[in-house]
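The opening position of the sequence shown corresponds to residue 6 in the numbering used here, with each subsequent residue numbered one higher. Yeah, the Cβ is synthetic: ideal placement off N, Cα and C, and Gly gets one too.
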Amino acid sequence: MSIHKMIALHPDVGDDFNDMLATAARHAMFCAEMCTSCADACAAETMDMRQCIRSCLDCADVCAATARLAIRRTGQNIEALRMMLETCKSICDLCAEECSRHAHEHCKLCAEMCRECASDCRAAIPTVQ
Numbered sequence: 006m007s008i009h010k011m012i013a014l015h016p017d018v019g020d021d022f023n024d025m026l027a028t029a030a031r032h033a034m035f036c037a038e039m040c041t042s043c044a045d046a047c048a049a050e051t052m053d054m055r056q057c058i059r060s061c062l063d064c065a066d067v068c069a070a071t072a073r074l075a076i077r078r079t080g081q082n083i084e085a086l087r088m089m090l091e092t093c094k095s096i097c098d099l100c101a102e103e104c105s106r107h108a109h110e111h112c113k114l115c116a117e118m119c120r121e122c123a124s125d126c127r128a129a130i131p132t133v134q
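What follows is the structure in structure tokens.
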């Protein structure tokens, strides 16, 4: 299944399909799940991982909200969408920074996903008009 296809099929999209925004939404959805999984794995670690857990859960919530706004095509709320993409980019950068401090493979993978999501949000912001 493809979120790109679902967005393209919306009656209000027509020729106005925004591939970069759809990609940002897709990766924000993935990032939300990856961050949730990383937070869960951090909770099982023997050392104090509270800050990483907090960072991952905050990132997961922001990514999920950003994805929900980005896939909506009925009506417009461009300013809110741009703000959410900016916020998502910033929170993903912070989470990637936190996860990069840890040697755990789940943290490394989470940091990589966060960087990808931040990059996609950064690329999508100027396309939202």
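Taking the alpha helix (DSSP H) that A65 falls in, what are its first and last residues?
Per DSSP, A65 belongs to the alpha helix (DSSP H) from R55 to I76.
Does the pairing of the region 93-106 with the region 8-23 give three or more beta-carbon distances under 8 angstroms?
Cβ pair count under 8 angstroms is below three, so no.
Given a threshold of 16 other Cβ atoms within 10 Å of its Cβ, counted over all protein chains shown, does S60 qualify as buried or as exposed?
That one is buried.
Please classify A48: is it buried, with 16 or more other beta-carbons within 10 angstroms of its beta-carbon, or exposed?
Per the 10 Å Cβ criterion, exposed.
Would you check if the region 99-112 and the region 51-69 touch, i.e. whether three or more CB-CB distances between them fall below 8 angstroms?
Yes, the region 51-69 touches the region 99-112.
Less than 7 angstroms between C-beta atoms, sequence neighbours within five positions excluded: which residues of the same chain meet that for F35?
Hits under 7 angstroms: M118.
Between which two residues does the alpha helix (DSSP H) harbouring A44 extend?
Unbroken alpha helix (DSSP H) run through A44: D24 to A49.
Among L26, A37 and E50, which one has its Cα closest to the Cα of H107?
It is E50.
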